[in-house]
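K.L.:
Have a look at this one before I ask anything.
There are 2 protein chains.
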Amino acid sequence: MKMNNSKVDSLLTGGESGELTDKQKRIVEAAIEMFSEKGFAASSTSEIAKRAGVAEGTIFRHYKTKKELLLAIVTPVMGNLVAPFIVKDLEKVLEKDYEFYEEFLEAMVRNRQAFIQKHLSIVRILVQEIPFHEELRGQFIEHVAKDLYARFANIVSHFQEKDELVQMPPSSVVRLTISSILGFFLARYIFLPEHEWNEEEEIEMTIQFIMNGVKAR
Amino acid sequence: MKMNNSKVDSLLTGGESGELTDKQKRIVEAAIEMFSEKGFAASSTSEIAKRAGVAEGTIFRHYKTKKELLLAIVTPVMGNLVAPFIVKDLEKVLEKDYEFYEEFLEAMVRNRQAFIQKHLSIVRILVQEIPFHEELRGQFIEHVAKDLYARFANIVSHFQEKDELVQMPPSSVVRLTISSILGFFLARYIFLPEHEWNEEEEIEMTIQFIMNGVKAR
DNA sequence: TACTTAAATGAGTGATTACTCACTTTACAA
DNA sequence: TTGTAAAGTGAGTAATCACTCATTTAAGTA
C-alpha cells in the first residue's frame, strides 16, 4: 500500500473504539481511495475488500453497512472543518495574536489549506458526496456551515469595530471571503488538480485580493 | 410531468437528429431529474424509464448506453459555458459595448447566472459528475477551461491597456475573478440551495468586491 | 385496406451488488 | 494444553443492474 497512513491515524481513531485493527485500517484506506476516485455509489464492497486484502465479510464485521463506512470516514474530517474557529475566549485570542484581519486571514487560509492537503482524499469524498446524502448535508449545514458563519461573523465584527474592514453586514464579508477561498480550493483540488498551481503565489494573491475587496475605504 | 420543458427544447435539440420525439424528451427529462438528484451511478435505467413512463428498452432505442444518455444531456450545456466569450471581433465588441471592466463583468455574471438558472439541473449533473468521468473532465479542460481562460485573459488585457485594472498577469486576474464567482455559484446552487439567498444583492456585492480587488491603484 | 417499416414493449439474460452466516482461524486466559 | 471468545473467511442469497431481443403496436404509404 502506497497510502499515507497518517491519514487514517490522525483523525479516524478518535472514536469510542480507539485504535483500529490493522485490517480495519486497510479497509478504511481502501475505501478512502475508492470513494474519492469513483464515488460512493460506484464503489463496491467487493472491490474495497480486494483492495484492502481482506474478505468482503470483514468489512461488515466492522461496519454494519457500506454507508456507515462512508460516514465513519467523512464525519471526523467534516467536524474538523470548523476547528480553527472553536477557541475559548476568541476575543482574547484575536487581541493577542492578530492585529489585522489580514493576519488572521492568512493564518486561517494556510491552516485550512494544510488541513485539506493532509486529508485531501477525504475532503474530496465529502465534497463529492454531500449533494447525494441527506444526512451528510444535514450535518454539514447544522454543524459546519452555520457554526462557521456565526463564528466568522464575530471575527469580522471584531475587526470592523477597529475600523479595519468596510462597514457592511458581517455575514456579507464572511460570504465574500469564503467564496473566494472556496472557489480557489475547489478549482485547485477538485476540478483542475492536474493543472500546475503555484500554491504559494495563489494564496498570497487571493489574500491580497480579498483584503482589497473588504478593507475599510 | 411538472418539468419545465424549455430545458429540453432549448439546448438538446441542436444535434444532428433535430427534433426529439415525445418519448425521447420524457426520457431526457427523467434522466436529468434522476442524475441531478441521485448522481449517475445511483440512477438506474429501470427507474428512469418508470419516471419517463416508457419501457426500459425504449431508452436503448435512443441511446446505446446509459453513459451515452448522460453525455447527450451534459455536452451541449458544457459547450455553452463559454458561449458569451465566443464572439467574432471581440475587440470591437468590447470597445463598443463595454467602457469599463465592471460593465463587462456585470453583464457576464448576469448572463451566466441566467444560464445556470435556466439549466440548473444539467449544470448540477455536470459539476457532480466531472470528477468521475475521464471523458467529461477531458472535454471540460480542453474545450471549456482552457478556452475560457485564454479568451477571458484577452479581455482583461484589453482593460489593463486602458489602465483600468491592476498590473498583474491577466491569467491571475482571471483566476481571482472566476474563483469568486464560482465560489458564490457553487454555494448558492450546489452546496446550500435551501438557504435564503438574496440573489440580486449577492451579485451586486460580488461584483463590487471583485472590482475592489482588481481595479487599478 | 394491406403491407412495410419504425417505434415501443417487457420478459429475459448474465453480471454485479450489499449483505448474511456457517465455518475456520486466531488470540487470549486459565 | 485446553477452552472460549473474537476475528476473519468466502460461499451463498435475494435483489438489482444495464442491456438484448422476440414480439407487439403504431405510423406511413400505395
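As they're listed, the protein sequences go chains A and B.
Here the first sequence is numbered in the numbering used here, starting from 1 and rising by one per residue.
Here the second sequence is numbered in the numbering used here, starting from 218 and rising by one per residue.
Glycine included, each C-beta is placed from N, C-alpha and C at the ideal position.
Note that the structure is a prediction, hence the values are computed from the model and not measured.
Which value, in whole angstroms, describes the spacing of the CA atoms of residue 117 of chain A and residue 136 of chain A?
P.N.:
21 Å
K.L.:
Which partner residues does residue 432 of chain B have in the DSSP bridge list?
P.N.:
B:382
K.L.:
Does DSSP classify residue 143 of chain A as helix, strand or coil?
P.N.:
For residue 143 of chain A, the secondary structure class from DSSP, reduced to helix, strand or coil, is helix.
K.L.:
Could you name the residues of chain A that residue 277 of chain B contacts, counting a contact when the two beta carbons are closer than 8 Å?
P.N.:
Residues of chain A passing the Cβ test: none, with the nearest at roughly 20 Å.
K.L.:
Counting contacts by CB-CB distance shorter than 7 Å, is residue 384 of chain B in contact with chain A?
P.N.:
The Cβ of residue 384 of chain B sits no closer than 7 Å to any Cβ of chain A.
K.L.:
Would you kindly check if the distance between the Cβ of residue 390 of chain B and the Cβ of residue 299 of chain B is under 7 Å?
P.N.:
no
K.L.:
Hey, quick one: how far does the alpha helix (DSSP H) through residue 399 of chain B stretch, first residue to last?
P.N.:
Annotation: the continuous alpha helix (DSSP H) that includes residue 399 of chain B extends over 387 to 403.
K.L.:
Quick check on residue 322 of chain B - is its C-beta less than 7 Å from some C-beta in chain A?
P.N.:
No - not a single Cβ of chain A is within 7 Å of the one on residue 322 of chain B.
K.L.:
Give the residues of chain B in contact with residue 132 of chain A, contact being defined as C-beta atoms less than 9 Å apart.
P.N.:
254, 255, 256, 259 and 345
K.L.:
Output needed for residue 374 of chain B: all residues of its chain with C-beta closer than 6 Å, excluding positions within five of it in sequence on either side, in chain order.
P.N.:
Within the same chain, residue 374 of chain B has close Cβ partners 387.
K.L.:
Is the shortest distance between the beta-carbon of residue 429 of chain B and the beta-carbons of chain A less than 7 Å?
P.N.:
Taking Cβ atoms only, chain A reaches closer than 7 Å to residue 429 of chain B, which makes this a yes.
K.L.:
Flag this pair as touching only if the segment 23 to 42 of chain A and the segment 126 to 136 of chain A have three or more C-beta atom pairs under 8 Å; answer yes or no.
P.N.:
yes
K.L.:
Mind checking if residue 183 of chain A is an interface residue toward chain B, Cβ cutoff 7 Å exclusive?
P.N.:
yes
K.L.:
Determine the chain A residues that contact residue 393 of chain B at a beta-carbon separation under 8 Å, and present them in chain order.
P.N.:
180, 205, 206 and 209
K.L.:
Is it right to say residue 303 of chain B is buried, meaning 16 or more other beta carbons lie within 10 angstroms of its own, or is it exposed?
P.N.:
exposed
K.L.:
Taking the Cβ atom as the reference point for each residue, do residue 319 of chain B and residue 422 of chain B lie within a distance shorter than 7 Å?
P.N.:
no
K.L.:
On the premise that residue 394 of chain B lies in contact with residue 340 of chain B, defined as a C-beta separation below 8 Å, what is that separation, rounded to the nearest angstrom?
P.N.:
That belief does not hold up - the Cβ atoms of residue 340 of chain B and residue 394 of chain B are roughly 19 Å apart, past 8 Å.
K.L.:
Any C-beta of chain A within less than 8 Å: which residues of the segment 364 to 382 of chain B qualify?
P.N.:
none
K.L.:
By alpha-carbon positions, which one of A:65, A:64, A:61 and A:73 ends up nearest to residue 30 of chain A?
P.N.:
A:73
K.L.:
In whole angstroms, what is the alpha-carbon distance linking residue 351 of chain B and residue 330 of chain B?
P.N.:
Residue 351 of chain B and residue 330 of chain B: Cα-Cα distance of roughly 27 Å.
K.L.:
Are residue 23 of chain A and residue 45 of chain A touching if we call contact CB-CB under 7 Å?
P.N.:
no
K.L.:
Please report the distance separating the alpha-carbon of residue 58 of chain A from that of residue 366 of chain B.
P.N.:
Separation of residue 58 of chain A and residue 366 of chain B (C-alpha to C-alpha, rounded to the nearest whole angstrom) is 48 Å.
K.L.:
Mapping DSSP to helix, strand and coil, what is residue 282 of chain B?
P.N.:
coil
K.L.:
So the candidates are A:188, A:164 and A:71; which of them puts its Cα closest to the Cα of residue 120 of chain A?
P.N.:
A:188
K.L.:
DSSP state of residue 421 of chain B, grouped into three classes?
P.N.:
helix
K.L.:
How would you list, in chain order, the residues of chain B whose beta-carbon sits under 7 Å from the beta-carbon of residue 115 of chain A?
P.N.:
None at all; the shortest Cβ gap to chain B is about 18 Å.
K.L.:
Could you tell me whether the Cβ atoms of residue 94 of chain A and residue 207 of chain A are closer together than 7 Å?
P.N.:
no
K.L.:
Tell me the DSSP secondary structure of residue 195 of chain A in three-state form.
P.N.:
coil
K.L.:
Can you tell me the Cα-Cα spacing of residue 379 of chain B and residue 368 of chain B, whole angstroms?
P.N.:
Their Cα atoms are separated by approximately 17 Å.
K.L.:
Applying the 10 Å Cβ sphere with the 16-neighbour rule, what's the burial state of residue 243 of chain B?
P.N.:
Flag for residue 243 of chain B reads buried.
K.L.:
Does residue 237 of chain B come out as helix, strand or coil in the three-state DSSP assignment?
P.N.:
coil
K.L.:
Indicate whether at least one CB of chain A lies closer than 7 Å to the CB of residue 389 of chain B.
P.N.:
It does; some Cβ of chain A falls within 7 Å.
K.L.:
Using a cut-off of 7 Å between C-beta atoms, extract the partners of residue 100 of chain A located in chain B.
P.N.:
In chain order: nothing, as chain B lies at least about 17 Å away.
K.L.:
State buried or exposed for residue 324 of chain B, treating a residue as buried only when at least 16 other CB atoms are found within 10 Å of its CB.
P.N.:
exposed
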